[in-house]
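*Asks:* Protein chains in written order, with my numbering: chain A, 3 to 116; chain B, 6 to 119.
Note that the Cβ used here is the ideal one computed from N, Cα and C, for glycine as well.
None of these values were measured; they are calculated from a predicted model.
A single structure is presented below for examination.
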Amino acid sequence: AQSVTQLGSHVSVSEGALVLLRCNYSSSVPPYLFWYVQYPNQGLQLLLKYTTGATLVKGINGFEAEFKKSETSFHLTKPSAHMSDAAEYFCAVSGVNTGNQFYFGTGTSLTVIP
Amino acid sequence: DAGVTQSPTHLIKTRGQHVTLRCSPISGHKSVSWYQQVLGQGPQFIFQYYEKEERGRGNFPDRFSARQFPNYSSELNVNALLLGDSALYLCASSEMPTGYQPQHFGDGTRLSIL
């Protein structure tokens, strides 16, 4: 069965510091990978996705993620945190092993300290 | 262009009642999926519909049902409501039910069961 693990349910960083949110997946076949952000009382907004091709993908708001097959990881990074980045972040997988359904991790709450 | 719209935004029901939630996908999107998001957790897949046919079902009891209409809008029905059904119900749409196309989410319906 497909699963997604997000290490660290809460992450705090100082404004201007590096943001690193971790995501690992379990699959014998590399899945499609996504990062979403959720602000309070809102739905999920797509940050970036990896389907095929270049393993380093860039998304909106300065975020990027790197697909590492050998580590079954898809960690999300941003060089310099901004106060507006405070939100809940979800990693998701999809693909053949999931019947093309989306499976989400439990989320990481990011706090940005001024 | 309008995004995914869901109605109502908030709903309060009592145990044993029935509820219907509605979703209109982005124009041109033919696939609709439903998710349940319990507080502090990631979205859990409930159903996926494409061209009015059910394409996938998550691990939810038969009290949950859904359908898709010719205009691609969708309804989620939940019978015999339990306290544990209290959650944010999210609808997402995509052009087709392929795993590599990202899901686009509405802002959800907040369902509270008393």
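DSSP on S86(A), reduced to helix/strand/coil?
*Replies:* Looking at S86(A) - three-state DSSP - the assignment turns out to be helix.
*Asks:* Where does L44(B) sit, in a helix, a strand or coil, going by DSSP?
*Replies:* DSSP places L44(B) in coil when its eight states are reduced to three.
*Asks:* Between L78(A) and chain B, is there a C-beta pair that is closer than 9 Å?
*Replies:* False, the Cβ-Cβ gap to chain B never drops below 9 Å.
*Asks:* DSSP three-state call for V126(A): helix, strand or coil?
*Replies:* The requested residue 126(A) does not occur in the structure, where chain A is confined to residues 3 to 116.
*Asks:* When the Cα atoms are used, what is the spatial distance from L22(A) to Y41(A)?
*Replies:* So the alpha carbons of these two residues sit roughly 18 Å apart.
*Asks:* Counting only Cβ-Cβ distances shorter than 9 Å, please list the residues of the segment 34-48 of chain A near chain B, keeping chain order.
*Replies:* So the list reads Y34, F36, Y38, Q40, N43, Q44, G45, L46, Q47 and L48, given in the order they occur along the chain.
*Asks:* Helix, strand or coil: how does DSSP classify I17(B) here?
*Replies:* Strand.
*Asks:* Taking the alpha-carbon positions, what's the F92(A) to R27(B) distance?
*Replies:* If I take the Cα positions, the gap works out to 24 Å.
*Asks:* Going along the chain, which residues of the segment 41-75 of chain B sit with their C-beta nearer than 7 Å to a C-beta in chain A?
*Replies:* Answer in chain order: Q46, G47, P48, F50, Q53 and G61.
*Asks:* Within 8 Å, do at least three Cβ pairs link the segment 16-24 of chain B to the segment 68-79 of chain A?
*Replies:* In short, these stretches do not touch, since the Cβ pair count stays below three.
*Asks:* Consider the Cβ of F92(A): report whether some Cβ of chain B lies at a distance smaller than 9 Å.
*Replies:* At least one chain B Cβ lies under 9 Å of F92(A).
*Asks:* Identify the contact partners of Y105(B) in chain A, using a Cβ-Cβ distance below 9 Å as the criterion.
*Replies:* Ordered by position in chain A, the residues that pass the 9 Å Cβ test against Y105(B) are Y34, K51, T53, T54, S96, G97 and N102.
*Asks:* In chain order, what residues of the same chain lie with their CB nearer than 7 Å to the CB of P32(A), ignoring the 5 residues before and after it?
*Replies:* Hits under 7 Å: K71.
*Asks:* Looking at C-beta atoms only, is the number of pairs between the segment 103-115 of chain B and the segment 61-77 of chain B that lie closer than 8 Å three or more?
*Replies:* Flag = no, the segment 103-115 of chain B and the segment 61-77 of chain B do not touch.
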